[in-house]
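Order-wise, the sequence lines are chains Y and X. Position in the first sequence counted from 1, then plus 30, gives you my numbering. Position in the second sequence counted from 1, then plus 30, gives you my numbering. Below is one structure, written out as structure tokens; comments come after it.
2 protein chains.
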Amino acid sequence: MVEEAASLDALKDLRPLGQLHDSFIIAAGRDGLWLIDQHVAHERILFEQVLRASESNQAERQSLLLPIILPLTPAQDAEYPRIAEELERMGFEIEPFGQRTLAVKAAPAGIAAGEIERVLFEVLEIADQELRKATIDEIRRGVAATVACRAAIKINMPLDMVKMQWLLAELAKCELPMSCPHGRPIALRYSLREILRSFHRI
Amino acid sequence: MVEEAASLDALKDLRPLGQLHDSFIIAAGRDGLWLIDQHVAHERILFEQVLRASESNQAERQSLLLPIILPLTPAQDAEYPRIAEELERMGFEIEPFGQRTLAVKAAPAGIAAGEIERVLFEVLEIADQELRKATIDEIRRGVAATVACRAAIKINMPLDMVKMQWLLAELAKCELPMSCPHGRPIALRYSLREILRSFHRI
């Protein structure tokens with residue numbers, strides 16, 4: 031536990047050195063070497079941002095030139111009203127559009143235009159499968175996780191030094207910077223002690 | 031064995047990213063992440079250079095402004111003639127200087143002036159302890175290892191990118207680039223496969 035706290039502290043002054051395979055940020059820390067999965071790190075940052083924005087009703091939104099028309103399954107149609115308010119709080123602007131159909135007129139600012147339909151599809155899929163047994167908080171987190179995952183930078187994407195520094199600084203501000211909303215690890219750490227031992231230096 | 035050969039091949043196009051604690055070079059390779067101990071890497075490079083120079087009698091030497099005067103123990107004095115030729119081949123120029131005493135007038139070019147006396151002291155210590163049972167080849171390797179260790183860059187020393195690139199390129203040319211003359215590891219490797227698995231990506 032002490033070690034974990036020390037690690038979180040070390041996260042604050044990580045020095046990015048470069049990327050491995052355009053996917054993992056390699057960084058030097060006072061406690062050793064860090065590898066950071068750029069996608070899940072950004073996912074964690076966005077997840078916390080989306081949740082905060084939704085709680086304070088201050089989501090940034092983008093208006094769509096043409097609304098996206100979404101047909102619903104009967105189950106989705108029945109459950110949609112329960113998530114409508116959450117979607118609104120996160121930056122969606124959605125109106126009914128005839129029978130079992132929605133028109134999406136705006137979406138959270140972070141999601142690329144081409145991804146919006148897919149995000150909603152995944153959110154409604156959660157609704158379809160889990161809505162009946164989920165609490166409002168679980169729904170909120172599920173929607174935020176889906177939005178964050180879709181909006182986050184991908185792996186196999188080159189990042190410049192400024193972007194890497196930004197990502198590490200934002201990650202350091204997170205409440206839970208060590209694992210993504212789905213529980214995958216964000217960082218691998220090779221402690222200096224472990225490295226020195228492997229080199230037979232202690 | 032195949033994996034080892036593939037690794038040696040990957041060593042040829044390592045991309046240095048920076049240093050960890052001014053001691054270990056962090057490099058991205060096509061097979062994953064490498065950490066290289068800068069001292070032992072340089073030691074290996076110099077060891078092979080010194081051996082080659084000694085075999086071809088082409089060691090570069092530095093003349094000393096003032097000769098270094100070295101008193102010998104009786105055992106060292108008795109065994110010195112057996113290593114005299116090796117020392118000469120490696121770039122030393124040493125003459126008898128009265129009873130049980132040597133005058134060092136030149137030394138291999140790579141050794142800092144302040145280190146020369148210590149190198150000879152260590153070489154004569156080998157002579158003192160092991161000379162009687164050592165073959166000429168063992169003596170040669172022992173002397174070369176001592177010279178290389180003393181001349182190599184140390185840990186806790188900042189290196190710029192050009193120096194790191196040079197070190198990795200020279201290491202890639204070595205016959206045995208993975209361990210130092212004393213058997214310590216030069217490189218730690220974290221394979222891409224291992225990294226992907228730790229991030230739950232495979």
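Beta carbons: idealized from backbone N, C-alpha and C, even for Gly. A quick note: this is a predicted structure, and the numbers were derived from the prediction, not measured.
Here Y:F151 is exposed. Its C-beta has fewer than 16 other C-beta atoms within 10 Å. As DSSP reads the structure, X:G48 sits in a beta bridge with X:I56. DSSP places Y:T131 outside any alpha helix (DSSP H); the residue lies instead in the beta strand (DSSP E), whose first and last residues are T131 to P138. Here X:R170 has E116 as same chain residues with Cβ atoms under 6 Å from its own Cβ, once five neighbours each way along the sequence are excluded. Between Y:I75 and Y:M194 the beta-carbon gap is near 13 Å, outside 8 Å, which marks them as no contact.
X:L94 sits in a strand when the DSSP states are folded into three classes.
Relative to the Cα of X:M191, the nearest Cα in the group X:D39, X:R219 and X:L47 belongs to X:L47. The alpha carbon of X:E73 has as its nearest neighbour, out of X:V177, X:L65 and X:M187, the alpha carbon of X:V177. CA-CA distance, Y:A105 to Y:N186, rounds to 37 Å.
Listed in chain order, the non-local C-beta contacts of Y:L154 below 6 Å within the same chain comprise Q106, local neighbours out to five positions each way being set aside. Here Y:R91 is near Y:P138, since their CB atoms are less than 8 Å apart. Under DSSP, the beta-bridge partners assigned to X:S209 are X:P215. For a Cβ distance threshold of 8 Å, nothing in chain Y lies close to X:A175: the least Cβ distance comes to about 16 Å.
Y:I66: member of the beta strand (DSSP E) spanning G62 to D67, first to last residue.
When X:G121, X:I232 and X:C204 are compared, the shortest CA-CA separation from X:I216 is found for X:C204. Within the DSSP bridge table, the entry for Y:S221 names Y:G62 as partners.
The beta carbons of X:S209 and X:D61 sit no closer together than 8 Å. For Y:L81, the CB contacts under 8 Å within the same chain, skipping 5 residues up- and downstream, are R170, R171 and A174 in chain order. Under a 10 Å Cβ-count criterion, X:Q68 is classified as buried, with 16 or more other Cβ atoms of the shown protein chains found around its own Cβ. Within the same chain, H69, H72, E73 and L76 come within 6 Å of X:A182 by CB-CB distance, once the 5 residues on both sides are set aside. Between Y:E147 and Y:I113, the C-beta gap is not smaller than 8 Å, which leaves the two residues out of contact. Nearest CB-CB separation between Y:P215 and chain X: below the 8 Å threshold.
Taking a C-beta distance under 8 Å as the contact criterion, Y:V134 and Y:L94 qualify as a contact pair. Under DSSP, Y:I99 shares a beta bridge with Y:A133. In the structure shown, the three-state DSSP call for Y:I169 is helix.
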